[in-house]
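From first to last, the protein sequence lines stand for chains A and B. So the first sequence is numbered by my numbering: it starts at 1 and just counts up by one. So the second sequence is numbered by my numbering: it starts at 1001 and just counts up by one. Single-structure report; data block below.
Number of protein chains: 2
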Amino acid sequence: MDQGLLKKLKEEYRITFSKGELLEQAFTHSSYVNEHRYLQLSDNERLEFLGDAVLELLVSQFLYREYPTVPEGKLTKLRAAIVREDSLAKFAKECHFDQYIRLGKGEEHSGGRTRPALLCDLFEAFLGALYIDQGLAGADLFLEKIVFPKITAGAFSHEMDHKTKLQEVLQQSGDVNIEYRLIKEEGPAHNRQFWTEVHCNDQKIGEGYGKSKKLAEQAAAANALERNLH
Amino acid sequence: MDQGLLKKLKEEYRITFSKGELLEQAFTHSSYVNEHRYLQLSDNERLEFLGDAVLELLVSQFLYREYPTVPEGKLTKLRAAIVREDSLAKFAKECHFDQYIRLGKGEEHSGGRTRPALLCDLFEAFLGALYIDQGLAGADLFLEKIVFPKITAGAFSHEMDHKTKLQEVLQQSGDVNIEYRLIKEEGPAHNRQFWTEVHCNDQKIGEGYGKSKKLAEQAAAANALERNLH
């Protein structure tokens, strides 16, 4: 197994596989297996089959918990946006998994290492291997580092960002009035800054700033959520 | 909560919910919620969203484990056949869940209680509730009683039946020669019985009988699997 990958997983994600052969299998593309038949390797396709379902459940569970009042239809759309091929390919690249997959020469030369479908499968195969090795909780911890922060940052739906999350949290205890107030703006047109406060039932609960009114409101909501949690 | 449902779950499936409100929610259709707004109930749609993913993972895991040499493409097709609407509606009916769902009057009069989409959603919602209440292992135990035996009986793919399973098991330790031998047939044409033995590398490992050669072979394979396991 590539020592760089083992080191990276350990240092960045605190993951050490007890069954190293699973990790190896997750990073083995069928094109590599076909070119090295004498090694009798297994490719990552069956792990991808399993990992696909692991991801689906963990993302569903996260959305179910984090957005307790969002209706099913919206959750389903959001889930689909998160588990789609190009999203997962991005996650794989962000983890630099593309550097470690073993490809056959043909696949390598035709640019397989940057192909979204291949990277998406790799990400799912890794999750499948992680699930077998460390259970649902282990796979969940990994997604907490890589996927979930993107969801709450609104990467998949602007409706699921900090503002929506804050609304969710506050409305759990009944109807409330949430208001974003622009307090100040300054600087030249090309580099303007906006300051915003968020109020709940006329009480200030957070503040933030940003390069647009929208970003300032997001920052204020994030600030309110943070205060609310601590 | 309907006492009949509680009793049935306990006696037939050894399931007792610690959070009874989850079970209640799983058996509450949106049409019932809409007709009883003053009760401020929650319908089962969000639980269905979650349960759908629980089912997907548990079925995937089962297939991954039970068929260690079946390629990903075949597993994916089989999974799709198992989790499709009409299959899940049948499972819901088999558990008599249709008797217990709370429907609005309109939905009831238009035959909602027998509608496959509604029953499918109900089955998934129940699984979602069971997962929250008793974790993945609890949901898995339920599927072990209701869904998995159908898979190994070949209900979703004749290729995944006892004969295929036996082949899977035997081939794990290398190439083997499996042979089904018709030993005897008797009885009148309209009620004929066939006796079959299954041999592995010329050693008898199972026997069975049935109303056709095919059924007799399935019975012999099931017998061999049983002997192999004990």
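Built from N, CA and C at the ideal position, the CB exists for glycine as well. Being a predicted model, the structure only gives us computed values, none of them experimental.
In this structure, residue 1193(B) sits away from residue 1180(B), with a CB-CB distance that is not shorter than 8 Å. In this structure, the beta-carbon distance from residue 3(A) to residue 129(A) does not fall below 8 Å. Three or more beta-carbon pairs separated by less than 8 Å link the region 1046-1066 of chain B to the region 50-64 of chain A, which places the two stretches in contact.
One thing to note: residue 1046(B) has its Cβ no nearer than 8 Å to the Cβ of residue 186(A).
For the region 1035-1054 of chain B, the set of positions with a beta-carbon nearer than 7 Å to some beta-carbon of chain A reads 1045, 1046, 1048, 1049, 1050, 1053, 1054 in chain order. For the pair of segments examined, the region 1143-1162 of chain B was found to touch the region 1214-1224 of chain B: the number of CB pairs separated by less than 8 Å reaches three.
Interface with chain A (8 Å Cβ-Cβ cutoff): residue 1087(B) is excluded.
Just measuring C-alpha positions, the residue of 1093(B), 1148(B), 1133(B) sitting nearest residue 1121(B) is 1093(B).
Note that the C-beta distance between residue 140(A) and residue 18(A) is not below 8 Å. Between residue 1061(B) and chain A, the shortest Cβ-Cβ separation is below 8 Å.
Looking at 1148(B), 1059(B), 1023(B), the one whose alpha-carbon comes closest to that of residue 1042(B) is 1023(B). Excluding the 5 residues flanking it on each side, residue 1098(B) has same chain C-beta neighbours closer than 8 Å at 1092, 1113, 1114, 1119, 1122, in chain order.
Residue 175(A) and residue 78(A) have their C-alpha atoms spaced approximately 25 Å apart. In the structure shown, residue 54(A) adopts helical secondary structure according to DSSP, grouped into three states. Classified as buried, residue 1102(B) has 16 or more neighbouring CB atoms from the shown chains inside 10 Å of its CB.
Within the region 1122-1151 of chain B, 1136 place their CB atoms closer than 7 Å to a CB of chain A, listed in sequence order.
At least one CB atom of chain A sits nearer than 8 Å to the CB of residue 1076(B). The straight-line gap separating the alpha-carbon atoms of residue 1217(B) and residue 1166(B) is approximately 11 Å.
Between residue 1201(B) and residue 1177(B) a beta carbon distance of about 5 Å is seen, short of the 8 Å cut, so the two are scored as contacting. If you keep only unbroken beta strand (DSSP E) runs of at least 3 residues inside the region 1165-1199 of chain B, you get 1178-1186. In this model, residue 1057(B) and residue 1195(B) are separated by some 39 Å (Cα to Cα). With a contact defined as Cβ atoms closer than 8 Å, residue 1100(B) and residue 1039(B) miss out at about 17 Å. Here DSSP, grouped into helix, strand and coil, assigns residue 132(A) to helix.
The C-beta distance from residue 1012(B) to residue 1055(B) rounds to 19 Å, too long to meet the 8 Å contact threshold.
When the Cα atoms are used, residue 1083(B) and residue 182(A) turn out to be separated by approximately 50 Å. For residue 1209(B), no alpha helix (DSSP H) run applies; the uninterrupted beta strand (DSSP E) run containing it begins and ends at 1203-1210, by DSSP. Put simply, the CB of residue 1072(B) is near chain A, with a gap under 8 Å to one of its CB atoms. Counting only the Cα atoms, residue 153(A) lies some 37 Å from residue 1035(B). Taking the beta carbon of residue 56(A) as reference, the chain B residues within 8 Å of it are 1053, 1056, 1057, listed in sequence order. Residue 89(A) is classed as buried because its beta carbon has at least 16 other beta carbons within 10 Å across all chains shown. Residue 1157(B) holds the alpha-carbon nearest to the alpha-carbon of residue 1076(B) among 1184(B), 1215(B), 1157(B).
Contact note: residue 1013(B) does not reach chain A at a C-beta cutoff of 8 Å; the least C-beta distance is about 21 Å.
The contact set of residue 180(A) on chain B, defined by CB atoms closer than 7 Å, is empty, because the minimum CB distance reaches about 28 Å. The Cβ atoms of residue 168(A) and residue 117(A) do not sit closer than 8 Å to each other. Restricted to the region 93-133 of chain A, the alpha helix (DSSP H) segments that are unbroken, complete and at least 4 residues in length are 105-109, listed in chain order.
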